[in-house]
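Trainee: Numbering (this note's numbering), first residue to last: 31 to 205.
All C-beta atoms in this analysis are idealised placements derived from N, C-alpha and C, irrespective of residue type, glycine included.
What follows is a structure written as structure tokens; I'll ask about it next.
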């Protein structure tokens, strides 16, 4: 309501009946004096985060950009959840603008440990791919892609059976 009187009365009640720092306020025009709301904190399904961001974006006529944006956010959110990291606006911005490579590498490591066991790096095919990647024999799609990531993706694309694939990884790996 933005009522100064209500604010003053509520602040006074907090000081009289609670600790003086109990009063908290949210005002979008004065973020330095209030609390921040994290719209990525509570959700039931991971897709809700992408939908919340999409709902505040200006509409586009064809819907293609909006759908692309939703998909980009959702891929990062799903990857972070797979890594047991809480998605937030800072992380989403970091991985959408800077590249999803760190999330993809972590997700692939976790997938290989779960499906191939603790010594997955010692598998002959993986050792060969890692060796080739570190020598520069695998094509690097971006500057942010590490040699390990190149080998992990090549192994996933060529040696992981369809039945062992993961929807989250498929969304991150796709061209």
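Alpha carbon to alpha carbon, how far is residue 181 from residue 175?
Mentor: Looking at the two C-alpha atoms, the distance is approximately 10 Å.
Trainee: Helix, strand or coil for residue 172, going by three-state DSSP, please let me know.
Mentor: If DSSP states are grouped into helix, strand and coil, residue 172 belongs with coil.
Trainee: Taking the straight line between their C-alpha atoms, what separation do you get for residue 57 and residue 70?
Mentor: If you take the alpha carbons of residue 57 and residue 70, they lie about 19 Å apart.
Trainee: When we look at the beta-carbon of residue 87 and count the other beta-carbons within 10 Å, is it buried (16 or more) or exposed?
Mentor: It counts as exposed.
Trainee: For residue 136, does the three-state DSSP call read helix, strand or coil?
Mentor: The answer is helix: DSSP assigns residue 136 an H, G or I state.
Trainee: Check whether chain D comes within 8 Å of residue 87, counting only Cβ atoms and requiring the distance to be less than that.
Mentor: Note that chain D does not occur in the displayed structure, where there is just one protein chain.
Trainee: Provide the residue span of the alpha helix (DSSP H) that contains residue 100, from first to last.
Mentor: Taken as a continuous stretch (DSSP letters only), the alpha helix (DSSP H) holding residue 100 covers 94–112.
Trainee: Restricting to Cα atoms, I'd like to know which of 138, 105, 46 and 136 is closest to residue 126.
Mentor: Of 138, 105, 46 and 136, the residue nearest in Cα terms is 105.
Trainee: According to DSSP, is residue 274 helix, strand or coil?
Mentor: In this structure the chain extends from 31 to 205, so residue 274 is not present and cannot be described.
Trainee: Closest to residue 156 by C-alpha separation, out of 83, 178, 173 and 46, would be which residue?
Mentor: For the residues 83, 178, 173 and 46, the minimum Cα distance to residue 156 belongs to 178.
Trainee: Could you work out which residue in 74, 81, 141 and 173 is closest to residue 191 when comparing CA atoms only?
Mentor: The residue with the shortest Cα to Cα distance from residue 191 is 141.
Trainee: Roughly how many angstroms lie between the CA atoms of residue 187 and residue 117, to the nearest whole one?
Mentor: Answer to the nearest angstrom: the Cα atoms are 27 Å apart.
Trainee: Taking DSSP as the reference, what is the three-state secondary structure of residue 128?
Mentor: Correct three-state label for residue 128: helix.
Trainee: So, at 7 Å on beta carbons, what are the nonlocal neighbours of residue 84 in its own chain, with the 5 sequence-adjacent residues on each side left out?
Mentor: Cβ neighbours of residue 84 beyond the five flanking positions: 96, 99 and 100.
Trainee: To the nearest whole angstrom, what separates the beta carbons of residue 137 and residue 36, a pair I think is in contact under 8 Å?
Mentor: In fact, because the Cβ distance is near 48 Å, the residues do not count as touching under 8 Å.
Trainee: Should the region 74–81 be called in touch with the region 107–121, which here means at least 3 C-beta pairs below 8 Å?
Mentor: Yes, since at least three Cβ pairs between the region 74–81 and the region 107–121 fall closer than 8 Å, the two stretches touch.
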